[in-house]
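K.L.:
Numbering (the numbering used here), first residue to last: 98 to 228.
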């Protein structure tokens, strides 16, 4: 009986050991990025008011620039307000190009735009004439 319990215990320990994630040190670019991301922001500005409106801007050690603004606008019914946000994120990629993504989130949903983002192709079906 003791051998049975011992074999079950050893089997369970082996299963746990094999399921544990392997820890490998990062190398090259991954290690450099991880070290840079651990650094605090180079610049950080934030302003908020008592209604929840805000303006935020920061620059990371990697050179990522983020700016965002939130403001209240009347809702569609006109009986309250909705916080809409708009902003921009820019960074320099490994290929040396600067990528800028602009975004808005509000009453009409979320929208993103940037030269590097895919766009919806134009319809090839002609529109029906209006009578």
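Just so it is clear, CB atoms sit at the ideal spot from N, CA and C, and this is done for glycine as well. As the structure is a computational prediction, the values presented were derived from the model and not from experiment.
#1: I'd like to confirm the pairing. Which residues does DSSP put opposite residue 196 in its beta bridges?
#2: Among 208, 223 and 152, which residue has its Cα nearest to the Cα of residue 216?
#3: Check whether the Cβ atoms of residue 170 and residue 181 lie closer than 7 Å to each other.
#4: Assuming residue 213 is part of the beta strand (DSSP E), what are its boundary residues?
#5: Please state the DSSP three-state secondary structure of residue 203.
#6: So, using beta-carbon positions, are residue 177 and residue 150 closer together than 7 Å?
#7: Among 175, 135 and 202, which residue has its Cα nearest to the Cα of residue 157?
#8: According to DSSP, simplified to helix, strand and coil, what is residue 152?
#9: Considering Cα atoms alone, identify which of 190, 159, 186 and 175 is closest to residue 165.
P.N.:
Reading it off the structure:
#1: As a first step, residue 196 is located in the chain shown; it is residue number 99 there, counting from the start. Paired residues: 188.
#2: The count along the chain shown starts at 1 and reaches residue 216 at position 119. Nearest C-alpha to residue 216: 208.
#3: Position 73 of the chain shown, counting from 1, holds the residue named residue 170. Position 84 of the chain shown, counting from 1, holds the residue named residue 181. Yes, the pair counts as a contact, with Cβ atoms nearer than the cut-off.
#4: In the chain shown, residue 213 corresponds to position 116, counting from 1. Run containing residue 213: none; DSSP gives neither H nor E here.
#5: Working through the chain shown from its first residue, we reach residue 203 at position 106. It is a strand residue.
#6: Here the question's residue 177 lines up with position 80 in the chain shown. Here the question's residue 150 lines up with position 53 in the chain shown. Between residue 177 and residue 150, the C-beta spacing is not below 7 Å.
#7: Within the chain shown, the letter at position 60 stands for residue 157. Selected option, being the one with the closest Cα: 135.
#8: Numbered from 1 along the chain shown, position 55 holds the residue referred to as residue 152. Reduced to three states, the DSSP call for residue 152 is strand.
#9: Walking along the chain shown from the start, residue 165 turns up at place 68. Here the closest residue by C-alpha is 186.
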